[in-house]
Amino acid sequence: MRDFSYLRANSIDAARQAAALPGAMLLAGGTTLIDLAKCGVTEPETVVDITHLNGLDGITVDDRGATIGALARMSSVADHADIKSRFPAVSEALWQAASAQLRNMATIGGNLMQRTRCPYFRDPANFPACNKRTPGSGCSAIGGVTRGHAVLGTSEACIATYPGDLATALVAFDATVHLGDRQVAADDFFLLPGTTPDREHAIEPGEMITAISIPASAAAGRSTYLKVRDRQSYEFAAASAAVGIEFEADGRTIRDLRVALGGVATKPWRARAVEEALKGKVLEADTVKQASLLAIEAAVDHGANHYKIELAPRVIARAILKVGETA
Amino acid sequence: MTVHELRTRHDDSKRGDASDGAIFAEAVGGRLSRVDGPAKITGAAKYAVEQQLEGLSHAVLVESTIAAGRVRSIDTAAAKAAPGVLLVLTPDNAVRLNSATDWLGTPPPDAPYCPLARDITFSGQHVAAVVAETFEQAVAAAALVKVAYDETPAIVDLDDPKAGDGIPIDAMTKEWGDAQAAFAAAPVRICAAYNTPREYQTPMEPHGLIAHWQGDRLTVWEPSQWLDGMARTYAEWFGVPFENVRLVSPYIGGGFGSKAFAYGYGAVAAMAAKMLGRPVKLAVTRPQTFTAYGGRAATRQTVALGADAEGRIQSIVHRGVNETSVDGMWVEPLGSVTSIMYATPNFSSRQNVVRVNTVVPGALRAPGENPSAFGIECAIDELAYEVGIDPLEIRLRNYAEQDPEVKKPWSTRQLREAYAAGAEAFGWSRRTAEPRSMRDGNQLIGWGVAAGTYPVRRAYGEAMVRILADGSVEVESSSIDMGQGTYTILAQTAAEVMGVPAENVVVKLGDSRYARAGVTGGSRLAGVMTGAVHKAATGALDQLVGLAISDPNSPFHALQANTLVVANGRLASPRGDGPEVSIAELLGSVGRSQIEAMGDTTPANWTAEDRYKNNTTIAMALSHTEGDYSRHSWCAHFIEVRVDEDFGTVRVSRVVSALDSGRLYNPKLAESQWKGGIIMGIGQALLEEGIVDRRHGRIINNNLADYLIATNADIPDIEVISVGIPDLHSSVLGGKGVGELGIVGVAPAIANAVFHATGKRVRDLPITLEKLI
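If you read the protein sequences in the order shown, they are chains E and V.
In this text, residue positions in the first sequence follow our numbering: the first is 78, and each later residue adds one.
In this text, residue positions in the second sequence follow our numbering: the first is 173, and each later residue adds one.
Quick look at the structure:
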């Protein structure tokens with residue numbers, strides 16, 4: 078870790094101005110920034126502390142939806158009564174993420190900005206080649222240990238998995254990321270690696286996440302986040318699914334369906350093909366399982382991560398059947 | 173001559189408690205809570221690298237990024253010029269050290285020792301170190317050290333085609349009868365290969381030390397399972413007398429076998445401290461703990477069982493391989509359980525060791541027995557299914573009534589009792605035999621059983637016991653407490669002998685200035701040290717009573733008594749006539765400030781050199797089969813798993829284990845150790861694996877987010893049942909080993925349960941979801 082300047086922002090504008098400086102990074106909960114600095118992945122020249130900004134940690138929920146300030150803690154959102162009742166998948170995604178200690182520190186804005194757990198990305202001393210860290214240097218993961226790597230949305234430049242849980246739920250329910258005045262759909266906020274895996278988010282220097290909003294919907298109200306992982310706690314997803322469902326008046330025909338995958342793709346992965354295939358269909362196990370396979374049609378494995386291709390549709394199907402059954 | 177009148181009655185006696193009737197928490201066998209607990213919980217306990225020293229500087233290691241080859245050059249210019257840097261250590265400016273005697277007592281080669289490598293034999297090897305005024309400056313400067321290598325091809329693991337068959341270890345060969353012929357002739361045969369990966373100790377407290385020279389005297393604050401052994405190593409490295417090195421280690425945040433030796437980073441820190449003339453702290457980072465010393469070696473075993481139609485074993489043919497390093501030797505004894513668990517007329521076990529480019533592997537909870545049990549205890553389960561009988565029944569049918577290998581009776585073997593108690597508590601009789609025959613919705617349920625064992629490792633010990641002027645008692649030993657409860661059971665032992673409340677006993681451990689002690693490893697410490705403290709305390713008490721009877725100024729002098737009773741810190745005549753005075757009053761009246769007694773269990777004819785060897789090597793330890801008996805602890809684990817039929821995830825939902833550790837000095841602490849072992853075993857079965865990037869020969873999950881150990885959420889309620897009885901062939905007070913036993917047999921019980929749940933045998937640990945999906 079090298080020396081850096083520390084600035085405490087006293088307004089959003091000041092924070093944005095400071096964040097536009099070369100080598101500047103925002104500090105909120107610090108759970109990603111400090112971790113990556115210790116790994117030698119991040120070497121900020123200036124750290125802009127935004128934790129003292131007022132009014133950015135609110136959580137408001139009404140009939141139109143939820144708005145969550147960028148500085149709200151993961152644990153506060155997970156435990157919020159209205160989030161739990163109107164957006165259960167969001168609450169479940171949060172409390173199944175990280176550890177209690179991390180959830181008490183980490184903020185929602187920072188959560189969106191968390192970076193991959195690719196072990197090659199995280200070890201610059203031993204693996205200098207990483208297109209995400211150093212554009213054009215190559216990818217150390219391809220041909221290496223790939224058990225945790227992505228099977229969807231990969232490129233020749235990068236196969237790193239997007240690790241987060243919350244964003245998977247946000248993408249499923251058409252959330253919006255607020256960058257001050259500018260707003261970006263959550264699905265568009267996270268970028269595919271393509272040839273520029275170093276560029277992970279649709280955010281420009283000098284911009285700052287101020288809030289996220291999630292529109293209310295019947296599907297969000299009847300939703301779940303199913304996370305399958307090697308161990309039961311403090312572990313990233315082997316595959317996860319955020320699913321919400323709305324039935325027609327008959328209580329069995331699917332009117333609206335939202336499906337997004339986590340742990341298997343380079344970004345939070347909306348599975349629209351599955352949604353479209355099942356809309357208008359009667360909820361039935363075999364139909365759901367068949368349709369869930371559409372999520373992995375374009376999947377490509379790198380050996381040890383092949384199981385994710387098997388696992389992902391099963392997770393989707395289980396999640397759909399689970400929220401569907403609780404009528 | 174003491175009468176126990178202890179004040180704390182405990183009602184939470186447990187079923188099958190081997191505390192031989194002690195219902196008082198403070199006596200040996202009582203359920204006294206950890207006396208060091210409050211200090212640890214409140215943060216008052218100061219760990220080795222938390223010492224505040226004047227002028228402390230900070231060392232950071234630079235590690236190799238290749239697995240094999242040679243350091244061509246090290247450019248230290250930028251690091252030297254960095255702010256705060258005091259010293260950049262490389263092989264070029266390192267102080268010349270001597271090689272040291274190893275833990276077995278093998279004399280060292282007459283060659284210098286350098287903890288910084290020029291010849292690289294594994295990725296993560298120490299090649300340089302930077303010392304600076306602050307930790308942050310040292311970290312920053314270490315990143316500026318530029319090392320150039322000439323890389324050569326590495327042998328990355330046991331599966332590497334270049335690895336070969338390895339070196340036969342003849343000392344591991346065990347044979348009787350004609351195992352090959354009997355196997356060939358057996359009507360029922362199974363043969364399978366069982367693999368365990370590299371596993372790591374991952375203690376909560378990472379390694380590290382502070383080294384401080386004053387003239388030619390070295391003080392080292394370092395978490396240690398073996399103060400005297402490590403002090404000897406430091407002394408030999410630096411060519412100073414053993415007495416000149418002081419190791420201090422009062423609290424240890426877990427060791428699990430990894431903190432018994434002085435490692436290269438310790439030599440680096442002590443060397444830097446000597447060169448700089450000021451104390452140096454070196455805190456090993458969590459990633460570095462994966463290569464600064466070794467975890468459990470990866471192992472491969474083949475187990476062939478031949479049996480008759482009723483499942484009676486006719487032959488066991490066992491072959492094992494473990495990895496070791498290019499220039500170090502670690503033998504993980506893979507036939508240790510194989511040869512003693514079941515009666516068989518024909519047996520053959522052999523083992524090879526294969527050199528690969530890794531740090532030399534080391535001890536991890538039950539080295540040898542743990543992977544050995546994974547092989548034989550899975551194999552016997554496979555045989556049960558082949559024969560078509562219950563997995564518990566086949567174990568009883570092949571019960572070894574004596575040690576099949578050395579043909580001696582067991583000192584005690586309560587394994588049949590463990591099977592019975594465990595099966596009863598678990599409800600084993602309700603198990604349906606067929607795989608996939610028990611389910612709960614999407615969850616396939618499996619019940620598995622496996623046995624475990626660990627030898628009683630015995631050694632000699634010594635201890636100092638003092639009775640102080642205020643009537644309190646002090647116990648001193650350079651042995652240690654790494655969480656298993658040494659402080660507590662030694663207080664209980666002294667309290668029982670002396671007739672004082674345990675709260676009046678102060679136990680001092682973890683300083684090599686105290687009465688010397690051997691290694692805390694192999695589950696031997698409790699048996700060794702309770703014996704030594706018992707003897708020392710008895711000696712102190714004899715002196716006290718002797719004084720009380722014979723000293724002219726004693727209030728008991730006129731009584732003409734032959735003996736006195738000491739209870740609750742007070743002396744009285746056994747008949748109740750005469751005075752009753754406190755220990756403090758007696759010492760006051762006879763004008764003594766303290767009574768001091770050194771006690772030991774060592775043979776009377778031992779020389780000082782024998783004692784030195786006893787405390788600094790394991791050369792003087794007693795074999796568990798010495799004399800007329802074979803001595804072992806035993807256990808049986810009954811485990812329920814739930815396997816998601818779609819996801820392949822395995823979760824342990826119930827554990828009942830019945831264990832025979834002989835007499836328990838403190839059942840509460842023994843149960844905690846057993847449970848800790850079982851928890852570690854669950855992690856071993858389902859999660860733990862050092863993953864090697866085979867292109868680079870490097871462990872890439874070298875942190876606690878990627879190297880998975882069990883979390884609370886992975887652990888169900890665990891019921892442990894003690895079925896032990898006092899075993900006086902094993903120790904002075906009748907206990908056998910506790911700490912390692914609990915983990916042995918857990919992984920095979922889980923693997924067997926997974927087979928019962930799914931019909932699929934997973935013979936490679938860990939049992940991760942992709943192996944079942």
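The beta carbon of each residue, even a glycine, is placed where N, CA and C say it ideally should be.
Length of the line joining the Cα atoms of residue i and residue j
| i | j | result |
| --- | --- | --- |
| serine 745 (chain V) | leucine 204 (chain V) | 29 Å |
| cysteine 235 (chain E) | aspartate 865 (chain V) | 17 Å |
| isoleucine 185 (chain E) | aspartate 264 (chain V) | 51 Å |
| asparagine 787 (chain V) | glycine 907 (chain V) | 21 Å |
| proline 369 (chain V) | methionine 376 (chain V) | 21 Å |
| threonine 248 (chain V) | asparagine 524 (chain V) | 42 Å |
| alanine 319 (chain E) | aspartate 612 (chain V) | 24 Å |
| glycine 425 (chain V) | leucine 536 (chain V) | 15 Å |
| alanine 194 (chain V) | glutamate 668 (chain V) | For alanine 194 (chain V), the pLDDT reaches just 45, beneath the cut-off of 50, and the residue's location in the model is therefore unreliable, leaving the point undetermined. |
| aspartate 333 (chain E) | asparagine 382 (chain E) | 31 Å |
| isoleucine 945 (chain V) | phenylalanine 819 (chain V) | 6 Å |
| valine 351 (chain E) | arginine 867 (chain V) | 38 Å |
| alanine 86 (chain E) | alanine 96 (chain E) | 10 Å |
| leucine 390 (chain V) | valine 417 (chain V) | 5 Å |
| isoleucine 362 (chain V) | threonine 516 (chain V) | 15 Å |
| alanine 481 (chain V) | lysine 304 (chain E) | 47 Å |
Residue from the options with nearest C-alpha to residue i
| i | options | result |
| --- | --- | --- |
| isoleucine 373 (chain E) | E:Trp346, E:Gly357 and E:Thr128 | E:Trp346 |
| threonine 223 (chain E) | E:Arg391, E:Lys385 and E:Ile397 | E:Lys385 |
| proline 888 (chain V) | V:Ile863, V:Val532 and V:Gly848 | V:Gly848 |
| glutamine 386 (chain V) | V:Leu759, V:Val412, V:Leu616 and V:Asp331 | V:Val412 |
| methionine 344 (chain V) | V:Val828, V:Ser520, V:Val705 and V:Val813 | V:Ser520 |
| arginine 268 (chain V) | V:Glu634, V:Ala439 and V:Phe294 | V:Ala439 |
| isoleucine 548 (chain V) | V:Ala921, V:Ala709 and V:Arg638 | V:Ala921 |
| alanine 131 (chain V) | V:Ser829, V:Val691 and V:Ser722 | No statement about residue 131 (chain V) is possible, as the shown extent of chain V runs from 173 to 945 and does not include it. |
| asparagine 570 (chain V) | V:Gly483, V:Thr604 and V:Gly338 | V:Gly483 |
| proline 255 (chain V) | V:Phe307, V:His490 and V:Ser295 | V:Phe307 |
| glutamate 942 (chain V) | V:Gln373, V:Leu662, V:Trp398 and V:Val815 | V:Val815 |
| leucine 247 (chain E) | E:Val336, E:His226, E:Ile280 and E:Tyr311 | E:Val336 |
| threonine 193 (chain E) | E:Glu325, E:Leu113 and E:Ala354 | E:Leu113 |
| glutamine 223 (chain V) | V:Pro422, V:Ala357, V:Asn740 and V:Gln397 | V:Pro422 |
| tyrosine 801 (chain V) | V:Glu347, V:Ala313, V:Thr374 and V:Lys580 | V:Lys580 |
Residue i burial status per 10 Å Cβ neighbour count (16 or more: buried)
| i | result |
| --- | --- |
| cysteine 550 (chain V) | buried |
| serine 508 (chain V) | buried |
| glutamate 233 (chain E) | exposed |
| threonine 530 (chain V) | buried |
| glutamate 541 (chain V) | buried |
| arginine 235 (chain V) | Reading the sequence as shown, one finds glutamate at residue 235 (chain V) and not arginine. Buried, since its Cβ has 16 or more Cβ neighbours within 10 Å. |
| serine 162 (chain E) | exposed |
| glutamine 732 (chain V) | exposed |
| threonine 735 (chain V) | exposed |
| glutamine 173 (chain E) | buried |
Rounded distance between the beta-carbons of residue j and residue i, thought under 8 Å
| i | j | result |
| --- | --- | --- |
| histidine 230 (chain V) | alanine 301 (chain V) | Rounded, the Cβ-Cβ distance is 10 Å, inconsistent with contact. |
| glutamine 664 (chain V) | asparagine 838 (chain V) | 6 Å |
| serine 583 (chain V) | serine 902 (chain V) | 6 Å |
| glutamine 94 (chain E) | glycine 340 (chain E) | The Cβ separation is near 37 Å, so there is no contact. |
Beta-bridge pairing of residue i - partner residues as DSSP gives them
| i | result |
| --- | --- |
| lysine 209 (chain E) | Bridge partners of lysine 209 (chain E): none, in fact. |
| tyrosine 239 (chain E) | Paired residue(s): none; tyrosine 239 (chain E) is not in a bridge. |
| tyrosine 83 (chain E) | E:Val124 |
| histidine 230 (chain V) | V:Ala304 and V:Lys453 |
| lysine 346 (chain V) | V:Ser521 |
| cysteine 807 (chain V) | V:Gly624 and V:Leu831 |
| histidine 729 (chain V) | DSSP, once it has assigned bridges, lists no residue as partnering histidine 729 (chain V). |
Give the residues from the stretch 301 to 326 of chain V that approach chain A closer than 8 Å (Cβ to any Cβ), ordered along the chain.
This model lacks chain A altogether, as its protein chains are E and V.
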